[in-house]
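Protein chains: 2
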Amino acid sequence: MLGGSRGGSTGKSEGRSGRQTHAERVLAHLRRQEKPQTAYQILEDLRSDGVTAPTTVYRALDHLVAAGDVCRIESLNAWTARLTPSQGKTPVFEICEHCGSVTEHVDTRLARDIAALSRHTGFQPERSILEIRGRCGSCRSLEPAP
Amino acid sequence: MLGGSRGGSTGKSEGRSGRQTHAERVLAHLRRQEKPQTAYQILEDLRSDGVTAPTTVYRALDHLVAAGDVCRIESLNAWTARLTPSQGKTPVFEICEHCGSVTEHVDTRLARDIAALSRHTGFQPERSILEIRGRCGSCRSLEPAP
DNA sequence: CACTAAGACGTAATGTTATATCATCTAGTG
DNA sequence: CACTAGATGATATAACATTACGTCTTAGTG
Numbered sequence: 046m047l048g049g050s051r052g053g054s055t056g057k058s059e060g061r062s063g064r065q066t067h068a069e070r071v072l073a074h075l076r077r078q079e080k081p082q083t084a085y086q087i088l089e090d091l092r093s094d095g096v097t098a099p100t101t102v103y104r105a106l107d108h109l110v111a112a113g114d115v116c117r118i119e120s121l122n123a124w125t126a127r128l129t130p131s132q133g134k135t136p137v138f139e140i141c142e143h144c145g146s147v148t149e150h151v152d153t154r155l156a157r158d159i160a161a162l163s164r165h166t167g168f169q170p171e172r173s174i175l176e177i178r179g180r181c182g183s184c185r186s187l188e189p190a191p
Numbered sequence: 046m047l048g049g050s051r052g053g054s055t056g057k058s059e060g061r062s063g064r065q066t067h068a069e070r071v072l073a074h075l076r077r078q079e080k081p082q083t084a085y086q087i088l089e090d091l092r093s094d095g096v097t098a099p100t101t102v103y104r105a106l107d108h109l110v111a112a113g114d115v116c117r118i119e120s121l122n123a124w125t126a127r128l129t130p131s132q133g134k135t136p137v138f139e140i141c142e143h144c145g146s147v148t149e150h151v152d153t154r155l156a157r158d159i160a161a162l163s164r165h166t167g168f169q170p171e172r173s174i175l176e177i178r179g180r181c182g183s184c185r186s187l188e189p190a191p
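Laid out in structure tokens, this is it:
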């Protein structure tokens with residue numbers, strides 16, 4: 046899965062430094078970032094590594110999401126590396142609208158609540174999107190309230 | 046607020062039927078729809094009512110969201126009328142990936158547990174996005190499982 | 001090796017969603 | 001009427017995402 050080296054191709058300089066897949070490059074990049082990145086930010090940052098088109102980035106992100114390594118933040122149109130690549134557990138993201146920080150949590154109670162709700166409604170949940178927007182602790186102490 | 050009649054303008058036929066604001070038109074339209082609509086779907090459908098540009102739709106949606114009448118479904122890039130325009134309570138949406146139906150709920154436990162999580166993390170929640178994707182009851186009975 | 005099937009890749013074009021800008025219109029005020 | 005603040009309409013553009021298609025690589029098969 047996730048390919049493997051693509052080998053020589055056209056021998057287009059050594060620039061692409063051999064044996065890493067685009068998915069690996071994208072994941073490594075996301076792990077280095079403090080905040081979620083949009084696909085086009087990733088594209089921009091990895092251009093020198095041979096990632097040259099949106100398609101390439103989105104393909105890599107698809108792989109990584111399927112593998113549970115990356116999660117899309119819907120309300121930001123951005124992508125972030127999971128802290129603990131546990132595909133099973135639903136992450137909750139706290140998104141600070143002041144500084145842009147995003148922190149990931151895994152909250153058992155929330156997961157249970159969703160299960161309970163679905164028992165009532167007959168709905169079969171497959172994937173939950175839990176994003177809480179507001180003001181993080183740091184920003185609250187720095188500027189008491191807007 | 047929300048404008049008021051725009052009056053005669055250029056007298057461009059009676060087509061626009063006087064005294065309704067764009068926001069009112071958009072809200073009425075969303076209430077008539079079974080499923081959330083994208084901004085451009087709304088634009089298309091209300092073109093004959095004098096809604097002619099994306100800007101107009103987005104401005105109307107902004108008003109309606111601020112008033113608590115409409116909610117954006119982040120994972121669909123679409124907009125839906127709230128069942129009960131209660132701006133205070135956080136809605137949870139169950140989104141069927143099979144038939145596209147979206148149902149709104151207000152779950153007290155979920156709300157409580159978000160509050161509890163934020164007490165632990167020091168985060169001050171302002172707006173929560175709770176979207177559960179999966180398979181609705183009807184689709185489950187029609188086609189047991191994919 | 002020759003052949004095939006699957007899948008990643010590059011490239012280009014296109015589609016979809018959202019915002020910026022600016023001149024104009026309108027209502028309200030003095 | 002002159003002035004202002006804010007909504008509006010029109011156009012353009014930015015930001016995000018997908019599709020189409022042909023090439024190349026790899027793994028599997030005989």
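For the protein sequence lines, the chains are A and B, in the order given. Each residue of the first sequence is one higher than the one before, counting from 46 in the working numbering. Each residue of the second sequence is one higher than the one before, counting from 46 in the working numbering. Cβ atoms here follow ideal geometry from the backbone N, Cα and C, with glycine treated the same way. This one's a predicted model, so the numbers in the text were calculated from it and none came from an experiment.
Between the alpha carbons of E176(B) and I159(A) lies a distance of about 10 Å. With respect to the C-alpha of D152(A), the residue from R164(B), C141(B) and T129(B) having the closest C-alpha is R164(B).
Within the segment 64-109 of chain B, the complete alpha helix (DSSP H) runs of at least 4 residues fall at 67-77 and 84-91.
Think of a sphere of 7 Å around the beta carbon of S93(A): no beta carbon from chain B falls inside it, the nearest being about 31 Å out. C-alpha of N122(B) to C-alpha of L121(A): approximately 11 Å in a straight line.
Residues of chain A whose Cβ lies closer than 9 Å to the Cβ of T166(B) are, in chain order, E139, T148, H150, C181 and G182.
Secondary structure at L121(A): helix, using DSSP grouped into helix, strand and coil. In the structure shown, the three-state DSSP call for H143(B) is coil.
In the DSSP assignment, L155(B) falls within the unbroken alpha helix (DSSP H) covering T153 to T166.
Contact note: P170(B) reaches chain A through I177 and G179, using a C-beta cutoff of 7 Å and chain order. Ranked by how close their Cα comes to the Cα of G113(B), the residues C184(B), P136(B) and R178(B) have P136(B) in first place. Ranking A161(B), L155(B), V110(B) and G182(B) by CA distance to the CA of I140(B) puts G182(B) first. Within chain A, E119, S120, I174 and E176 have C-beta atoms less than 8 Å from the C-beta of E119(B), given in sequence order. In this structure, the beta-carbon distance from L109(A) to A84(A) does not fall below 8 Å.
A check of alpha carbon separations from S173(A) across P170(B), G179(B) and R172(B) identifies G179(B) as the nearest. For the segment 71-89 of chain B, no residue has a beta-carbon sitting nearer than 8 Å to a beta-carbon of chain A. Counting only residues of its own chain and dropping the five nearest sequence neighbours on each side, R76(A) has a CB closer than 7 Å to the CB of A126.
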